[in-house]
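Presented below is the structure to which this report refers.
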Amino acid sequence: MFLVVAIALVPLGSGASRLGTRRGCVSVVPCPTFSRDIELSALLRRRGLRARPETSVRPRKERLRARSGFRETFRIPQRSDAPSITSIALKEGTIEKKIKFIQAAAPTKRGTNASLMLQQQLLDQIEELESLNPSPEPADSEHINGWWSLIYQSTPEPSLKWDPNTEVEGPFLAALKPFNGLAKELVKGKGNFQKIDTNTGEVQNLAQFNVFGKPGYLNIFGSCERVSATRVNVRFESVDLRIKGVGQWNVSLSWVNPEGWVETTYLDSDFRIGRGDKGSVFVAARTKGDPTNL
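Here the sequence shown is numbered in the working numbering, starting from 1466 and rising by one per residue.
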């Protein structure tokens, strides 16, 4: 439903006669103040002076509307999600907080290299953003769908013993976890991604890497199911390993059927914060393109 509001822009005052108009102009009924302004301008011109305008000149179309008493009608959306001044200010403040977090987390290599002090600083920023969550029901929002790129991952409390590559897989697949031991020295992680599609019930956890100078990825396919307004259960079913120019292999996980869940605590169109069943906290950003395209 829309509320229609009509505003009549009619000059104040009365008593003056109509002014003649030229072709293309609009007749106006000036007020006494307007008449005095005309007399003052004529006096200044006779003395070779010019009156300085108090405000900037408005566009010709706007001036014609104001002088002609133009009745303008516009509509205001009568919806609960219509933005208010408070929500706009809150959004601008949130954008600044997201930028500060990304800048602070950038040197940590997605959480693998952060001091205890920096971990605490980032966790404080995460909790502050969670308190500003604009999506009370993220599991039902279309914003949750699509590819996400991992920015930072950590434990709920600062720890120097936690290594996401070996300790906790978390909602995002750790890039080097499948390559422990000697192979880990040969494989260099490039990025971690996750795709969620609540419409089809599909999920993918993908880790990009380089091995012997060749790009590749390890992708775990699974299914997801909404269990609450904030939580999605995940069940992984198969693994795809691809190395460009070498080959591609697929392995079923039916004999293991690993399961878990993801709790989304902040969600907007390009930023996401969540917590996993294995004790990890993660922050991800919307990514363009398909990371499976090597």
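Glycine residues also receive a C-beta, built at the ideal position from the N, C-alpha and C atoms.
Nearest Cα to L1581 within the set L1615, T1620, K1563: T1620. Under the three-state reduction of DSSP output, K1655 falls in the strand class. DSSP places E1607 outside any alpha helix (DSSP H), giving it a letter other than H or E. Excluding its 5 nearest sequence neighbours in each direction, N1610 has C-beta neighbours in its own chain below 8 Å: I1661, D1662, T1663, N1664, listed in chain order. Here E1728 is not near G1710, since their CB atoms are 7 Å or more apart.
T1757 and D1605 have their alpha carbons spaced roughly 26 Å apart. Sequence-distant partners of A1694 (beyond 5 residues in either direction) whose C-beta falls short of 8 Å from its own C-beta, in its chain, are P1601, E1602, P1603, A1604, D1605. The C-beta of K1563 has 16 or more other C-beta atoms within 10 Å across all chains shown, which makes the residue buried. With a 10 Å radius around the Cβ and a threshold of 16 neighbouring Cβ atoms, D1733 comes out buried.
Nearest to L1651 by alpha-carbon distance, out of F1677, P1572, V1668, E1607, is F1677. The beta carbon of N1698 sits closer than 6 Å to the beta carbons of E1690, V1692, W1726 from its chain, once the five residues preceding and following it are set aside; these are given in chain order.
In this structure the segment 1584 to 1597 touches the segment 1734 to 1753; the number of beta carbon pairs closer than 8 Å is three or more. N1715 and K1743 have their C-alpha atoms roughly 25 Å apart. Classified as buried, G1576 has 16 or more neighbouring CB atoms from the shown chains inside 10 Å of its CB.
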